[in-house]
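Report on the following structure.
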Amino acid sequence: MVPTLFLTACIITPLQADEINLQPGMWQWTTKMEIPGMTMQVPPVVHSGCINREDLVPTNQNQHGDCTITDQTISNSQVTWTVNCSSPQGSSTMNGVMNYSGDTAQGTMNVIAQGMTMNSTISGERTGGCAN
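When we follow the numbering used here, the leftmost residue of the sequence shown carries the number 51, and every step to the right adds one.
So, in structure tokens, the structure goes:
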């Protein structure tokens, strides 16, 4: 399904990650998607992943495709990004913002893929340390 395929952006390497109010570790992310014009609700997607000061965007391990960061900004505890991805299924553009607050985070992301727009809200919570 397109929403799962293009759910999240690629890893972003920040320019000033020391400003981020982030507790590194394993995080659980819940993404709620809305597709304008679609009457059926898309169920929330929950996944976990390691987040540190070098990898500030929650990534989906099921993401497919080749992604290129075209813009990123870090200001205080907010990260904004634009990522363009291409895969055999098509291309997508993702614009997002994530606000970190220690061991929690809230954000939004808009994805344009295959002529469709998906608007997402993302919430994250640190659940422990990362396995090495």
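Virtual Cβ for every residue (Gly too), placed ideally from N, Cα, C.
Spatial neighbours of residue i within its chain, please: CB distance less than 6 Å, with the 5 preceding and 5 following residues excluded, ordered by chain position.
i, result
"Pro94", "Thr80 and Lys82"
"Ser173", "Thr80 and Gln156"
"Asp116", "Ser136"
"Thr132", "Thr120, Asp121 and Asn145"
Smallest Cα separation from residue i: which of the options?
i, options, result
"Gly152", "Ile85, Ile101, Asn134 and Cys180", "Ile101"
"Ile119", "Glu84, Trp77, Thr158 and Gly146", "Gly146"
"Gln91", "Asp116, Trp131, Asn169 and Cys180", "Asn169"
"Asn134", "Asn160, Gly87 and Met88", "Asn160"
"Gly178", "Met144, Glu69, Gln78 and Gln122", "Gln78"
"Gln164", "Leu72, Ser98, Pro86 and Gln139", "Gln139"
"Glu69", "Thr123, Pro86, Arg176 and Ser98", "Thr123"
"Ile162", "Leu72, Glu84 and Met76", "Glu84"
"Ser142", "Ser125, Thr130 and Met166", "Met166"
"Ala181", "Ser98, Leu72, Thr89 and Asn71", "Ser98"
Go through its chain and collect everything with a Cβ distance to residue i's Cβ below 7 Å, but skip five positions before and after it.
i, result
"Pro74", "Ile101, Asn102 and Arg103"
"Asn149", "Ser127, Gln128, Ala155, Gln156 and Gly157"
If you follow the beta strand (DSSP E) that residue i is part of, which residue opens it and which one closes it?
i, result
"Met88", "From DSSP, Met88 is part of no beta strand (DSSP E); its letter is neither H nor E."
"Ser141", "Gly140 to Ser151"
"Cys135", "Gln128 to Ser137"
"Gln156", "Thr154 to Ala163"
"Gln73", "From DSSP, Gln73 is part of no beta strand (DSSP E); its letter is neither H nor E."
Quick check on DSSP: helix, strand or coil for residue i?
i, result
"Glu84", "strand"
"Glu104", "coil"
Per DSSP, residue i forms a beta bridge with which residues?
i, result
"Asn169", "Glu84 and Asn160"
"Thr1", "With the chain covering only 51 through 182, there is no way to say anything about residue 1."
"Glu175", "Gln78 and Thr154"
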